[in-house]
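The structure under discussion appears below in the form of structure tokens.
Residue numbers (this note's numbering): 786 to 1450.
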């Protein structure tokens, strides 16, 4: 006999609830499958800057849809769960995990699984997905997925080169064939640093690379190279010996092959223009540094290599799984931070890069970096030391914004930090009951620009409520660059830098910091402004910088980034509000400083003139030196929420206030 014969049992697909007047009920239903019901999704990838003119396309008359792009589905930590591909019309669909959370206290009865969906995702390995299209950005979106529900997704990407929509006849942005290019440069240990002249420097060639074929003429082509989307190019040194110089000084080459060069570092390399201070551990002898230039026997010359540093304080090394930001936070002003490659043995295990026979490959750090003190961020070569500026997985921007507040001296509520207004409330439970912290050594270490809004976008200055709600950081639409450079630029002489009655202006008596404020460079003199770029060397050199799309672009030098050198970087596939590649300054500036005018607002100019009423420079970013970079396939988007925010060049923008800069690609 059945155990429940004759008994009244609850049905699993319905429920009877007796209701009285003005009562309601939320029925609970239970999932009885051993595997949770999958979530469905379908979507379309669009290029919002291009129209579709093909009458046979489902998108005819609408936005163009790039074909066959890879779509990656990732969890909150960035681990890929699945990968699908768009069809020729940009449409894609699939199944993925849903959720195990049934009956949470919300009206739907479900807590959706939040996943990150990345359009045109190149993958995580050293070789990108074969269908990854470098002419488009890699855009990611956080999407909810529910059991049995089909999620409809509108997921645009942004073109990063001209004529991207057609898929053929694109600009040729890769180096010409047989151009000498480096994969890695190593001196004493890993990276382009040696302790002194006469040391050995080893240069490894980039070798064979697959690049987009600008001769591709579309799917109707039947003969090579016109039917090939990618073609091989060789970036070796050539079998015949050429020449190598460091800072213009010829080096003695001890061996030369197509794949590797070894040489002795000459003794008369130029002295570095700005020396690290002795109080921060630098030796008394001056460090020397210079651009590495390789000229092959075919007459072709390297485009981007590295800056070689001879002498000075030994670098701090950052391994492939370590945090670059943590290294910068802990560094002394002027320190060199070396971004090491990934090194493995023949069995695939991770080993030290100095291990004989170690296999060197690229390391990729998925971080949004804040360079808030003068340090030298040095890669071993742009193809081997990569900064990935993707804002996903979720939460990266939250940490970034909190640190910006801390550095600017602002509490999380937007008001200045004080004894009565701590950085975070002790009772805050957002961090498992522990308040967020802001070390005193990091507070008030950097300065805003004159009239720059201090909390989001101030409606009295240059913004609106919608922008503040969507981009709640001090830098608004220019936040979240792969590398953001912040600095101390003025001395308030004890006054309140956030006097609300000044509407973003600086207090009377505020002065610009110069090298004279640093004090003598010896072991006993203390530099009162460690975050001033006037006092210590700074640089971003030998890095690959890619995948930034939040607004700041690849590199954003916010303000007071005096003397910084940005060299030998490969900055590619970034999208920014003002520029996708390099932004120096922010495009907005205070009223003019006029010689002899009584209305000049503090801090005033760093220059004087003998001509009355002549306009003086703002001196927001002095002597910035940008040279020997490969800046390709980047785009400028502008600000869709606030049209007064300027849009600049796709590659590089030097804004008003950038004075006495040098630009040599």
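The beta carbon of each residue, even a glycine, is placed where N, CA and C say it ideally should be.
Close Cβ partners of residue i (< 7 Å) along its chain, the five nearest in sequence each way excluded
i            : result
residue 791  : none
residue 862  : 1178
residue 843  : 874
residue 804  : 810
residue 778  : Any property of residue 778 remains undetermined from this structure, which presents the chain solely from 786 to 1450.
residue 1290 : 1235, 1236 and 1386
residue 935  : 825, 826 and 827
residue 1030 : 1036 and 1078
residue 993  : 1017 and 1019
residue 1083 : 963 and 1023
C-beta neighbour in chain C for residue i, strict 7 Å
i           : result
residue 998 : In the structure shown, chain C cannot be found, because there is only a single protein chain.
8 Å Cβ shell around residue i - same chain, five flanking residues per side excluded
i            : result
residue 1043 : 990, 1021, 1022, 1023 and 1024
residue 1057 : 1071, 1072, 1073, 1074, 1094, 1097 and 1322
residue 1319 : 1298, 1299, 1300, 1302, 1303, 1347 and 1348
residue 801  : none
residue 956  : 946, 947, 948 and 999
residue 852  : 871, 872, 873, 874, 875 and 952
residue 1206 : 1196, 1198 and 1200
Beta carbon of residue i nearer than 7 Å to that of residue j
i            : j            : result
residue 733  : residue 1277 : What is shown of the chain runs 786 to 1450, which leaves residue 733 out entirely.
residue 986  : residue 1003 : no
residue 1227 : residue 1191 : yes
residue 1149 : residue 1173 : yes
residue 904  : residue 942  : yes
residue 1353 : residue 1034 : no
residue 1413 : residue 1089 : yes
residue 1332 : residue 1175 : yes
residue 1274 : residue 1232 : yes
residue 1337 : residue 1266 : yes
residue 858  : residue 902  : yes
Cβ-based neighbour list, residue i, same chain, cut-off 6 Å, excluding 5 preceding and 5 following
i            : result
residue 1123 : 976, 1100, 1102 and 1163
residue 1384 : none
residue 1108 : none
residue 978  : 972, 1094 and 1100
residue 1436 : 1366, 1416 and 1419
Minimum C-alpha distance to residue i - residue among the options
i            : options                   : result
residue 830  : 944, 802, 908 and 932     : 944
residue 1447 : 1406, 1167 and 1380       : 1406
residue 995  : 1344, 915 and 842         : 915
residue 860  : 828, 836, 923 and 928     : 928
residue 1347 : 1370, 1355 and 1337       : 1370
residue 1376 : 1236, 1395, 1330 and 1329 : 1236
residue 918  : 1037, 1397 and 953        : 953
residue 898  : 933, 1167, 1282 and 876   : 933
residue 948  : 958, 1145 and 1324        : 958
residue 1079 : 1059, 1110, 1047 and 1297 : 1047
residue 1288 : 1325, 1234, 1273 and 1311 : 1234
residue 1026 : 1389, 1019 and 1039       : 1039
residue 970  : 794, 1269, 795 and 1139   : 1139
residue 1269 : 1205, 938, 1335 and 866   : 1335
residue 895  : 1230, 868, 1283 and 931   : 931
residue 1181 : 1153, 1205 and 1374       : 1153
residue 1013 : 1028, 1019 and 997        : 997
residue 1222 : 1209, 1357 and 1230       : 1209
Residue i - partner residues in DSSP beta bridges
i            : result
residue 1156 : 1270
residue 870  : 855
residue 1380 : Its beta-bridge partners do not exist; DSSP assigns none.
residue 995  : 1017
residue 930  : 898
residue 969  : 989
residue 1350 : 1324 and 1410
residue 1123 : 1102 and 1163
residue 1186 : In DSSP, residue 1186 forms no bridge with anything.
residue 941  : 831
residue 1117 : Paired residues: none, contrary to the question.
residue 1444 : 1407
residue 1401 : 1378
residue 1138 : Residue 1138 is not bridged to any residue.
residue 921  : 944
Any contact between the segment 1046–1055 and the segment 972–984? By contact I mean 3 or more CB pairs, one from each, below 8 Å. yes
Counting beta carbon pairs with one atom in the segment 1298–1318 and one in the segment 1057–1065, are three or more of them shorter than 8 Å? yes
Would you say the segment 1413–1422 touches the segment 1359–1369, given that touching needs at least three Cβ pairs under 8 Å? yes
Three or more C-beta pairs below 8 Å linking the segment 954–964 and the segment 1124–1132: no
Count the CB pairs spanning the segment 1392–1401 and the segment 1259–1267 that are closer than 8 Å, and state whether there are at least three. no
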